[in-house]
Amino acid sequence: RKKVKLSLLTFKRSEFGFFKSVISAEDKELKKGEIGLLKVEKLELPSSTIVQPIAGVGCGQL
Numbered sequence: 005r006k007k008v009k010l011s012l013l014t015f016k017r018s019e020f021g022f023f024k025s026v027i028s029a030e031d032k033e034l035k036k037g038e039i040g041l042l043k044v045e046k047l048e049l050p051s052s053t054i055v056q057p058i059a060g061v062g063c064g065q066l
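Here the sequence shown stands for residues 5 to 66, numbered as in our numbering.
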């Protein structure tokens, strides 16, 4: 095994969060159960942001 030197990575999670909508950059139709790629508008996120995907939201799956 190769020995590697690790450095500690720490971060503080805040006590709040917020939902930000992902806006489509194109019109595209998908059939139920079909998987496809969808271009989205550029997201502006503050540094040190932790992004968490949420699946099964009311209008479909993300």
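All C-beta atoms, glycine included, are put in the ideal place defined by N, C-alpha and C.
In this text, all values refer to a predicted model and were calculated from it rather than measured experimentally.
- Any idea what DSSP makes of S28, helix, strand or coil? The count along the sequence shown starts at 1 and reaches residue 28 at position 24. Note: S28 maps to strand in three-state DSSP.
- Query: Residues bridged to V44 by DSSP?
  - Reply: Counting from one through the sequence shown, the residue named residue 44 turns up at place 40. In the DSSP output, where bridge partners are listed per residue, V44 has S28.
- Message: Judging by CA-CA distance, which residue of E19, L42, E38 is the nearest neighbour of A29?
- Response: Counting from one through the sequence shown, the residue named residue 29 turns up at place 25. For A29, the nearest C-alpha among the options comes from L42.
- If I'm right that V55 touches I27 with Cβ under 8 Å, what's the distance once you round it to whole angstroms? By one-based count along the sequence shown, residue 55 stands at place 51. By one-based count along the sequence shown, residue 27 stands at place 23. Not a contact, Cβ separation roughly 15 Å.
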